[in-house]
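Residue numbers (the working numbering): 182 to 346.
These notes concern the structure reproduced below.
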């Protein structure tokens, strides 16, 4: 499903990823484990087009997506729950979920919001509460729910337990 081939990427003159190769078969769960600064977040940002590799390829479902814009990658079926959640603090839980469906143009968005609420019942109870007033765990549920609203084929979670007790 996802394949990274000899990726080299970084920030300016700093190389964060050097010759990284990785394969994620469809239906599998893969975990990247490493120390702070090992390149886990940079790997995910490279997959999502937020960091452009200087060499190597990112393949998704056999298609080369290296260098594609982030919205194209999301539209193609990959969603990221970013480190630190990055929910929209001044928008309600419901509005945050709607934002997760920004790439969609169908009549099933409301149904998918109900599915998120079924998966995370506390979000249903707090659907009109501002995202920034939720607990850390509730914000993480919201970030995951928001990512699921795009109906991804592949879901990336960066530091999903960060900030949780």
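By construction, the Cβ of each residue, glycine as well, lies at the ideal position given by its N, Cα and C atoms.
Do you know how far the Cα of residue 290 is from the Cα of residue 297? 11 angstroms
First through last residue of the alpha helix (DSSP H) which encompasses residue 325: 317 to 329
Return the bridge partner residues of residue 262 from the DSSP annotation. 338
Keeping to the same chain, check which residues put their C-beta closer than 8 angstroms to that of residue 264; ignore five residues upstream and five downstream. 222, 339, 340 and 343
Enumerate, from N- to C-terminal direction, the unbroken beta strand (DSSP E) stretches of 3 or more residues contained entirely within the stretch 200 to 239. none
Beta-carbon proximity list for residue 186, same chain, < 6 angstroms, skipping 5 on both sides: 202, 237 and 238
N-terminal and C-terminal residue of the beta strand (DSSP E) that residue 187 is part of: 183 to 192
Determine the contact status of residue 228 and residue 254, defining contact as a CB-CB distance below 9 angstroms. yes
Distance between beta carbons of residue 325 and residue 262, contact taken as under 8 angstroms: 5 angstroms
Nearest CA to the CA of residue 204: which residue from 292, 182 and 194? 182
Reducing DSSP to helix, strand and coil, say where residue 241 ends up. strand
Where residue 311 falls: helix, strand or coil (DSSP): strand
For residue 198, the three-state DSSP class (helix, strand or coil): strand
Considering only C-alpha positions, which residue in the set 200, 248 and 242 is nearest to residue 233? 248
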